[in-house]
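Undergrad: The numbering used here puts the sequence shown at residues 26 to 149.
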Amino acid sequence: MADPKKILLVDDSATILMMERALLEGEPYALLSAKSGQEAVATAMAERPNLILMDVVMPGMDGFEACRRLRADAATCEIPIILVTTRSSPDHIERGYESGCNDYIIKPFDGVELRAKIASFLDA
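1. Is the Cβ-Cβ distance between G51 and G88 less than 9 Å?
2. Which residues does DSSP list as the beta-bridge partners of M79?
3. Enumerate in chain order the residues of its own chain whose CB-to-CB distance from A59 is below 6 Å, with the five nearest sequence positions on each side excluded.
4. Would you mind sorting Y129 into buried or exposed? The rule is 16 or more other CB atoms within 10 Å of its CB.
5. Report yes if the C-beta distance between D80 and D116 is below 9 Å; otherwise report no.
6. Would you report the Cα separation of R140 and A99, rounded to the nearest angstrom?
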């Protein structure tokens, strides 16, 4: 049996991390977590996850900057990144894609949509 795909969940809210974990419970994924952009970049470098779900608004390094840093490094530039955020304005969505994300989901997110997007990146 193949090793489970690793998903890095990044959010400064313990509640959101708990919701994402609960939503993915029972799925064949190994879940990692980080609570800041800096921690996300360090964890991604060390663990090489198959997918990253990342908040935008976090203290210190925000999700846009973390995304740019991951895209700039050869070791992490190919990892799919889905930004999961309350920032729903067209300007924020555009900034998200400009920072290098593969997809953008607005909070509160729909569990079915989130699982479908995750599967589309991991099962491709």
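Backbone N, C-alpha and C fix where the C-beta goes; we use that ideal spot for every residue, glycine too.
Please read all numbers here as calculations on a predicted model, not as lab measurements.
TA: Taking the coordinates as given:
1. Their beta carbons are not under 9 Å apart, which means G51 does not touch G88 by this criterion.
2. DSSP output for M79 lists V35, L108 as bridge partner(s).
3. So the qualifying residues of the chain are V35, A65, T68.
4. The residue is buried, with at least 16 neighbouring Cβ atoms inside 10 Å.
5. In this structure, D116 does not lie closer than 9 Å to D80 by Cβ.
6. Approximately 27 Å between the Cα atoms of the pair.
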